[in-house]
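>
Numbering (UniProt numbering), first residue to last: 1 to 161.
Listed below in structure tokens is the structure:
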């Protein structure tokens, strides 16, 4: 019998042959993050709840329920200051640094903003002298002010040497 990949969960749902998980940004917000924030069940329970800020990015694939080159997680947003809005992105042996501009995620057909997508890059060490790696994460968050749950998508291209 084939060996189970390291970190595989016994709670992994039975998926149909050939199943692929490639949701659009809108689908992630509406069917996964929005439902998670509302304490409703997911269409397919394959997104693990992991505090990604307690991990190095190369440890995350072993905590995922599904994925090969990209992995999805629900993670709490850590605040830099208790009453502030600024996120704390220190993680493991480094930190996640935002890059580029935020992308608004619009609902169809209403064309209303339902979420925001932000790209982040992992740096080893401490700012401002961190060393950039090839680990990239896309952070999704709901635009509703009262929702604090954040969906994370981690994507590994190759590990920097």
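Just so it is clear, CB atoms sit at the ideal spot from N, CA and C, and this is done for glycine as well.
Would you mind stating whether residue 43 and residue 31 have Cβ atoms separated by less than 9 Å?
The answer is yes: Cβ separation under 9 Å.
> Could you pull out every residue in the same chain whose Cβ sits closer than 7 Å to the Cβ of residue 123, ignoring the five residues on either side in sequence?
Answer for residue 123: 94, 95, 97, 130, 131, 132, 133, listed in chain order.
> To the nearest angstrom, how far is the alpha carbon of residue 82 from that of residue 126?
Each residue's alpha carbon lies about 21 Å from the other.
> By alpha-carbon positions, which one of 59, 37, 35 ends up nearest to residue 92?
Ranking 59, 37, 35 by Cα distance to residue 92 puts 59 first.
> Taking DSSP as the reference, what is the three-state secondary structure of residue 20?
Residue 20 falls in the coil class under three-state DSSP.
> Roughly how many angstroms lie between the CA atoms of residue 57 and residue 50, to the nearest whole one?
Each residue's Cα considered, the two are about 12 Å apart.
> Assuming residue 29 contacts residue 136 (C-beta within less than 8 Å), just tell me the rounded distance between them.
19 Å between Cβ atoms; not a contact.
> Give the straight-line distance between the Cα atoms of residue 145 and residue 102, rounded to the nearest whole angstrom.
In this predicted model, residue 145 has a pLDDT of only 43, less than 50, meaning its place in the structure is not dependable; the value taken from the coordinates is given anyway. Looking at the two C-alpha atoms, the distance is approximately 16 Å.
> Can you look up residue 85 in the DSSP assignment and give me helix, strand or coil?
Reduced to three states, the DSSP call for residue 85 is coil.
> How is the beta strand (DSSP E) around residue 94 delimited, first residue to last?
Element bounds for residue 94: 94-106.
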